[in-house]
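Residue numbers (my numbering): 5 to 238. Glycine residues also receive a C-beta, built at the ideal position from the N, C-alpha and C atoms.
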Ligand code: CTP
Ligand code: MG
């Protein structure tokens, strides 16, 4: 048997969101961000296992919180680490042995559409060792020096904003984490690229945006209200 797992780094503090509970536990439409994210993952076809890296002091609470959200899949909650990368690494250690595809998804992307999760999983199952969902940029991007002076303007047509879930074969992802020479890479594909493994892109989705700053929560509430008004459960 071969199963697909969703690994959910949820141990961050949410400093950029301002004072309050750890970001994954902040409310959106009455439920923590993490609950929304895990619900979307567990609704995706083919996701059999969910492993959450929770804030260290909240492991038992998170397990209780998610036990009803994850009904068909198997749930494991571990304590996260000091960086996103170490939180993912800790979750990988807890993967059951029969998992061969892993989707890594930020708890901070609560409104990821279920179809987008499936798109990533399908691409890995179809043979890609590493898959990331991306969107074209809307803003022009500049590189600057330490003083903030503009150095160059990269050609926007070659740039993409990267979202999660990012999908990998288990062996590729575990190898990339085991060989990592840094400990604070902000996306898993970054580690995989360094191994020389080809990373392919699939289309992301506007609603898979990351809740990072206060205004993102305002937007997330609006998106959720619109979904609920349209009769979509969220
Ligand atoms: N994350 C984690 N462990 C950490 C840091 C981050 O599991 N030590 C998770 C976050 O919970 C989030 C995801 O990684 O789901 C993306 O990180 P980010 O948006 O940077 O969240 P925070 O680190 O919580 O926010 P900030 O950087 O503003 O403090
Ligand atoms: Mg962070």
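Straight-line CA distance for residue 198 to residue 173?
Using only the alpha carbons, I get a separation of about 16 Å.
Can you tell me whether residue 16 sits near the ligand MG, meaning its C-beta is under 7 Å from at least one heavy atom of the ligand?
Within the cutoff, so yes.
Please go through the region 17-60 and give each complete alpha helix (DSSP H) segment of 4 or more residues, from N-terminal end onward.
Qualifying alpha helix (DSSP H) stretches, in chain order: 37-47.
Which residue marks the beginning of the alpha helix (DSSP H) containing residue 180, and which one marks its end?
The continuous alpha helix (DSSP H) containing residue 180 extends over residues 174-182.
Residue 115, DSSP secondary structure in three states:
Residue state, collapsed to three classes: coil.
Using C-beta distances below 7 Å, list every residue in its chain close to residue 37, excluding the 5 sequence neighbours before and after it, in chain order.
Around residue 37: 27, 28, 30, 111, 112, 114, 215.
Along the alpha helix (DSSP H) that carries residue 217, what are the first and last residues, could you check?
Per DSSP, residue 217 belongs to no alpha helix (DSSP H) and is neither H nor E.
Assign residue 18 to one of two classes, buried (16 or more other C-beta atoms within 10 Å of its C-beta) or exposed (fewer than that).
Flag for residue 18 reads buried.
When DSSP labels each residue in this structure, what does residue 199 get in the three-state scheme?
Collapsing the DSSP output to three states places residue 199 in coil.
Please name the residue or residues paired with residue 99 in a DSSP beta bridge.
Bridge partners of residue 99 according to DSSP: none are assigned.
Relative to the C-alpha of residue 1, which candidate in 167, 77, 7, 144 has its C-alpha closest?
Given that the chain is displayed from residue 5 to residue 238, the structure contains no residue 1 and the question cannot be resolved.
Taking C-alpha atoms, which residue in 50, 147, 140 lies nearest to residue 103?
The residue with the shortest Cα to Cα distance from residue 103 is 50.
To the nearest whole angstrom, what separates the beta carbons of residue 239 and residue 160, a pair I think is in contact under 8 Å?
Residue 239 cannot be examined here, being either before or after the span of the chain that is shown, 5 to 238.
Around the C-beta of residue 136, are 16 or more other C-beta atoms found within 10 angstroms, so that it is buried, or is it exposed?
Residue 136 should be labelled buried.
Comparing the CB of residue 147 with every heavy atom of the ligand CTP, is any distance shorter than 7 Å?
No, since every heavy atom of the ligand CTP falls outside the 7 Å radius drawn around the Cβ of residue 147.
Closest by CA to residue 23, which one among 224, 77, 217?
Comparing Cα positions, the closest option is 217.
Taking the C-alpha atoms as reference points, what is the distance between residue 79 and residue 158?
Roughly 43 Å separates the two Cα atoms.
Are the region 87-94 and the region 184-198 touching by the rule of at least three beta carbon pairs closer than 8 Å?
Touching, per the Cβ criterion.
With 16 other Cβ atoms within 10 Å as the buried cut-off, status of residue 226:
Residue 226 is exposed by the Cβ-count criterion.
Taking the DSSP output, what are the residues bridged to residue 78?
For residue 78, which the question treats as bridged, DSSP gives the partners 53.
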